[in-house]
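Below is one structure; the comments refer to it alone.
Number of protein chains: 2
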Amino acid sequence: MREDDDFLRLDRQVCFPLYAASNLFGRLYRPVLAELGLTYPQYLVMLVLWEQAPQSVGAVGERLHLDSGTLTPLLKRMESAGLVTRQRDATDERRVLVGVTAQGVALRDAARAVPQTLASGLGLSAAELSDLRATVQHLVGVLATAEAEVS
Amino acid sequence: MREDDDFLRLDRQVCFPLYAASNLFGRLYRPVLAELGLTYPQYLVMLVLWEQAPQSVGAVGERLHLDSGTLTPLLKRMESAGLVTRQRDATDERRVLVGVTAQGVALRDAARAVPQTLASGLGLSAAELSDLRATVQHLVGVLATAEAEVS
DNA sequence: AGCAGTTATATTGTGTGCAATATAATTTGA
DNA sequence: TCAAATTATATTGCACACAATATAACTGCT
């Protein structure tokens, strides 16, 4: 094996632990969120809408770094579940405004325990979690910039 | 908005930047790996197999934190593409051994440039990348432990 | 006014992820 | 020894992600 090949070792990759951590986090969230009737991406949408609603599909997608190909079917499922509303913006009919139903607002109370429930199971200190969050948030900024430069 | 609700703010979540970074990384890798005829998870499988082959499906899955429900169809596509082989282990017929074809071995030469290509596009120093990797690798260990404790 | 270019969302097709279940092979223990 | 429990992979069904494309609506420009 040549020296160059060391860069192809799995434990040298930066992307792989991110990928694995994201999957593992999703698996941890799943049973907790299932009690709320949400998947993890749906939970993220609710976090965005609980902060402000209504918002356009594009605005939600910009916040979550997701496009309409992912969000449209996801939002339709959430609409069927009675959590959100979808209606064309009267002032710009190209846009669809996503709102929160009374049931969606009520769900926020049940969701309040979720972050603590999951954090407590990890055995990491608040400081460690905060450092980790800041570090990866910075990376997301770098990656989003790199993505924007390409297109 | 009550104090408790602050924990539900998107920018307070640890999981979300991991999720977003994983997706954004996948988007950055996609065009580069497409030239090799690989998706990102397939690339990870090749990294594992280039280190050692053959390996059982379970061994690959343990390394990548993926199960047979994900790996079986993925490996079948890679087999169809002529990159890997799949055959029952003669000593334990429950297991399937995944090997690398000559074409799969040859692909390693083309892949050697991938890590550098992507890292150079980010504008992060080697030290920053190394710190980030170590930090998230540690998290993966914590999450994998938490997962194991549940089951 | 009206057409070209742009914008916002929807659709289609492919490839993951994963829980639940099924199937087949191995191991264990009475 | 042989049936029960365990193990390894495969299958099924559902929900993302995303590129490519389609469609409808808006904006600018003449």
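For the protein sequence lines, the chains are A and B, in the order given.
Using my numbering, the first residue of the first sequence is number 1, and each one after it goes up by one.
Using my numbering, the first residue of the second sequence is number 1001, and each one after it goes up by one.
We treat Cβ as the ideally placed atom computed from N, Cα and C, and that holds for glycine.
Excluding the 5 residues preceding and the 5 following A:E88 in the sequence, name in chain order all residues of the same chain whose CB lies nearer than 8 Å to its CB. Per the sequence shown, residue 88 of chain A should be read as Arg rather than Glu. So the list reads R95, V96, L97, once near-sequence residues are dropped.
At 8 Å on the CB atoms, spell out the chain B contacts of A:E62, in chain order. Ordered by position in chain B, no residue passes the 8 Å Cβ test against A:E62, which lies about 11 Å from the chain.
Do three or more CB pairs link the stretch 1035-1046 of chain B to the stretch 1076-1091 of chain B at distances below 8 Å? yes
Any residues in the stretch 8-38 of chain A with a beta carbon nearer than 9 Å to a beta carbon of chain B? Which ones, in chain order? L8, R9, L10, D11, R12, Q13, V14, C15, F16, P17, L18, Y19, A20, A21, S22, N23, L24, F25, G26, R27, L28, Y29, P31
On a CA-only basis, which of A:V100, A:A126, A:L33, A:T39 is nearest A:Q55? Give me that one, please. A:V100
In terms of residue numbering, what span does the beta strand (DSSP E) encompassing A:R88 cover? 84-88
Taking B:A1113 as the reference, which of B:L1033, B:L1064, B:L1122, B:A1144 has the closest Cα? B:L1033
Beta-carbon spacing of B:L1008, B:Q1042 below 8 Å: no
Within 8 Å, strictly: CB atoms of B:R970 and A:E147: There is no way to answer for residue 970 of chain B, as the model of chain B reaches only from 1001 to 1151.
With a threshold of 8 Å between beta carbons, is B:A1146 in contact with chain A? yes
Which residue's Cα is closest to the Cα of A:L69: A:S130, A:V57, A:A111? According to the sequence as given, residue 69 of chain A is Gly; it is not Leu. It is A:V57.
What are the partner residues of B:V1100, as DSSP defines its beta bridges? B:V1084
With a Cβ-Cβ cutoff of 8 Å, do B:V1136 and A:A21 count as a contact? yes
Using three-state DSSP, classify B:Q1055 as helix, strand or coil. strand
Grab the span of the alpha helix (DSSP H) containing A:Q13 for me, first residue to last. Careful: A:Q13 lies outside any alpha helix (DSSP H) and carries neither H nor E.
For A:T91 and B:L1018, the rounded distance between their alpha carbons: 36 Å
B:M1063, DSSP secondary structure in three states: The sequence shown places Arg at residue 1063 of chain B, not Met. Three-state DSSP puts B:R1063 in a helix.
B:P1115: contacting residues in chain A (beta-carbon distance under 8 Å): F7, L8, R12, Q13
So is A:L71 in contact with chain B if we call contact Cβ pairs under 8 Å? no
What residues in its chain sit with their C-beta under 8 Å from that of A:T72, if we drop five residues either side in the sequence? V57
Should B:G1141 go down as buried or exposed, given a rule of 16 or more other Cβ atoms within 10 Å for buried? exposed
Rounded to whole angstroms, what's the CA-CA distance from B:T1117 to B:G1037? Just pull it up for me. 17 Å
Beta-carbon separation (whole angstroms), B:L1024 vs A:A144, contact threshold 8 Å: 6 Å
Just curious, the alpha helix (DSSP H) that B:S1125 is in, first and last residue? It is not in any alpha helix (DSSP H) - B:S1125 carries neither H nor E in the DSSP assignment.
Buried or exposed: where does A:Q13 fall if 16 or more other Cβ atoms within 10 Å of its Cβ makes it buried? buried
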